[in-house]
Every structure is written in C-alpha cells, then in structure tokens.
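Enquirer: Okay, here's the structure, questions in a sec.
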C-alpha cells in the first residue's frame, strides 16, 4: 500500500523558508505551512498514523484496494479503512463490530455507575436498589 507523507514532500519550500524567515517567525511559518498542506488534502484522503507516539499526517487514496499499510515514520502497521492500528486476525467488519460492542458495554457501565447499580454476587447481573428498600438481593438464577 502506498502512503505518502505530504509534509516531507515540501523539503524544497522548507529550505527556502530557512533562508528568509528568522527566529520565532520560523516556528509560526512552519505551523502555517503544516496547516496549509493539511487543508489542501480532501478530508476523505486524510489519514493520520493511529499510534499516539507518531500521529503523523499520511495521505491515503481510497481508490486503492489494499487496506493494510505501514507508517513510513514509525513503521507501525495500520488499517487504512478503519484508521486504527492493524487488527491482526480479524477483518474490518469483525473489528468494527467488536468496537461497537465495546462502546455499548462502556455506555452500560457508565449508566450503571451514574445510577449506582450494583452487580449480583451470584450471576453478576446489574441490580437496581430501590432507595427505601432493604439490602437483600434474591438472584433470579439461584
């Protein structure tokens, strides 16, 4: 899979800027240049390395059929379709279903914490205690 780093394509422009821009202006110009390059890439083609230590901007042509790629900066394997580190042993559909299930589980967990639901000590099901009720729980499975 061919991933191009557009920022590195601007080496010539960077050499010119060093000749004419001084001090703090150099950093400001570099940020401006980076933003300009990023804004020139259509959103559907923007791809960032999914590894937090890297997170470099990569260009991805969605017309390419190949999904598995390698970041030219950190050499990390990535899935260009899912925009995550490579999901070994699973295709994109399986991975996305697992991610949705994980998100749903997290939502239920947060809801349970907010409403102070507890887990049954026998079957681990969530239990809602009535405010003025007793502390006794009768498990449905026992």
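In the UniProt record's numbering, the protein residues as written are 1 to 142. Glycine included, each C-beta is placed from N, C-alpha and C at the ideal position. This structure is a prediction, so every number in the text was calculated from the model and none was measured.
Who are residue 69's beta bridge partners in DSSP?
Expert: Looking at the DSSP assignment, residue 69 forms a beta bridge with 78.
Enquirer: Answer with buried or exposed for residue 42, where buried requires no fewer than 16 other C-beta atoms within 10 angstroms of its C-beta.
Expert: When all chains shown are included, residue 42 counts as exposed.
Enquirer: Starting from residue 111, trace the alpha helix (DSSP H) both ways and give me its first and last residue.
Expert: Residues 92-114.
Enquirer: Taking the beta strand (DSSP E) that residue 125 falls in, what are its first and last residues?
Expert: Premise fails: residue 125 is in no beta strand (DSSP E) and is neither H nor E.
Enquirer: Tell me, please, which residues DSSP counts as bridged to residue 119.
Expert: Beta-bridge pairing links residue 119 to 126.
Enquirer: State buried or exposed for residue 80, treating a residue as buried only when at least 16 other CB atoms are found within 10 Å of its CB.
Expert: Looking at its Cβ environment, which holds 16 or more other Cβ atoms inside 10 Å, residue 80 is buried.
Enquirer: Which same chain residues end up closer than 7 Å to residue 129 when comparing Cβ atoms and leaving out the 5 residues on each side of it in sequence?
Expert: Contacts found: 118.
Enquirer: Around the C-beta of residue 89, are 16 or more other C-beta atoms found within 10 angstroms, so that it is buried, or is it exposed?
Expert: By the neighbour-count rule (16 or more Cβ atoms within 10 Å), residue 89 is not buried but exposed.
Enquirer: Which term fits residue 74, buried or exposed, when burial requires 16 or more other beta carbons within 10 angstroms of its beta carbon?
Expert: Counting Cβ neighbours within 10 Å, residue 74 comes out exposed, since fewer than 16 surround it.
Enquirer: For residue 56, which three-state DSSP category applies?
Expert: Reduced to three states, the DSSP call for residue 56 is coil.
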